[in-house]
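Each residue of the sequence shown is one higher than the one before, counting from 3 in the working numbering. All residues carry an ideal CB built from backbone N, CA and C; glycine is no exception. Working notes for the structure below.
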Amino acid sequence: MRDFEDYCWRTVVPQETLDIYKAYHRELYIGSRPALLVIDLYNCVFPPGPLPLSETVRLHSSSCGANASNAIQPIRDLLAFARERQIPIFHTTSGARRSGQQEHVRATNRNSTEFSVFDYDFYPAFQPQDREQIIYKDRASAFFGTPLIAHLTHLGINTVIVCGESTSGCVRATVVDGYSFGFHMVVFEETVFDRSTLSHQINLFDLHHKYADVLHLCDLPMYWDRRNGGDIR
3 MRDFEDYCWR TVVPQETLDI YKAYHRELYI GSRPALLVID LYNCVFPPGP LPLSETVRLH
63 SSSCGANASN AIQPIRDLLA FARERQIPIF HTTSGARRSG QQEHVRATNR NSTEFSVFDY
123 DFYPAFQPQD REQIIYKDRA SAFFGTPLIA HLTHLGINTV IVCGESTSGC VRATVVDGYS
183 FGFHMVVFEE TVFDRSTLSH QINLFDLHHK YADVLHLCDL PMYWDRRNGG DIR
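Spelled out as structure tokens, the structure:
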């Protein structure tokens with residue numbers, strides 16, 4: 003098995019801190035009834051080309067630059083894995099996408115900017131397919147003020163796999179709420195991203211130790227086989 007701390011934060015979290023957090027070390031797993039939750043993969047998040055982040059945020063303040071581009075293929079791979087196995091899939095997006103208007107209740111305290119409906123359309127690589135649910139939200143968490151928990155409960159889901167953006171914002175808020183509602187939360191490191199690499203690393207570190215099992219995407223088949231092989235929580 004991979005070392006419990008073998009993740010992106012290893013380069014920024016000192017060994018003394020890792021030692022302090024050893025009380026959180028545990029066996030990682032995917033439960034018997036998983037669902038996949040895809041967070042806020044809007045057009046405006048992805049850059050129009052190989053531009054520095056400092057330039058892409060001038061085009062749109064929500065852009066995550068190369069960090070978003072680097073996550074495209076891992077997220078596509080995770081979606082393909084889930085679809086092949088008929089894992090329930092939910093996509094979240096801003097309530098503004100449904101109304102076509104700037105929402106009065108926003109996910110963060112960031113200053114409002116003008117936007118087009120296109121900005122909040124799903125990025126072409128991540129268009130929801132038939133029978134995949136769209137959850138409209140106005141706050142950071144996919145659980146806050148939405149019917150998501152009702153859908154998950156109806157399906158008997160016990161594990162929620164979260165991917166998308168941003169690690170420090172909507173992903174983190176969703177994971178914490180999901181854990182609070184009693185779901186086993188899973189995040190694959192390569193399938194979440196943030197405009198700040200440091201924020202991505204530190205938030206994954208915190209989520210891994212307190213609220214979620216952070217895994218590597220290359221290990222997904224192993225965890226899935228164990229889930230089907232009787233090692234089920």
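What residue range is occupied by the uninterrupted alpha helix (DSSP H) comprising residue i?
i, result
"residue 5", "It is not in any alpha helix (DSSP H) - residue 5 carries neither H nor E in the DSSP assignment."
"residue 196", "It is not in any alpha helix (DSSP H) - residue 196 carries neither H nor E in the DSSP assignment."
"residue 79", "67-86"
"residue 180", "174-182"
"residue 154", "150-157"
"residue 170", "Careful: residue 170 lies outside any alpha helix (DSSP H) and carries neither H nor E."
"residue 14", "It is not in any alpha helix (DSSP H) - residue 14 carries neither H nor E in the DSSP assignment."
"residue 56", "55-61"
Can the beta-carbon of residue i be found closer than 7 angstroms to that of residue j?
i, j, result
"residue 26", "residue 211", "yes"
"residue 67", "residue 49", "yes"
"residue 80", "residue 193", "yes"
"residue 137", "residue 127", "no"
"residue 214", "residue 173", "no"
"residue 9", "residue 216", "yes"
"residue 96", "residue 122", "yes"
"residue 70", "residue 40", "no"
"residue 20", "residue 7", "yes"
"residue 206", "residue 76", "no"
"residue 59", "residue 203", "no"
"residue 162", "residue 180", "yes"
"residue 229", "residue 22", "no"
On the DSSP bridge assignment, give the partners of residue i in chain order.
i, result
"residue 96", "139"
"residue 189", "164 and 216"
"residue 32", "The partner list for residue 32 (beta bridge, DSSP) is empty, contrary to what the question assumes."
"residue 124", "44"
"residue 91", "38"
Would you mind reading off the limits of the beta strand (DSSP E) that contains residue i?
i, result
"residue 21", "Run containing residue 21: none in the beta strand (DSSP E); it sits in the alpha helix (DSSP H), 17-22."
"residue 38", "36-41"
Are the region 156-174 and the region 191-198 touching by the rule of at least three beta carbon pairs closer than 8 angstroms? yes
The region 80-97 in contact with the region 140-158 per 3-pair CB rule at 8 angstroms: yes
Do three or more CB pairs link the region 35-47 to the region 74-84 at distances below 8 angstroms? yes
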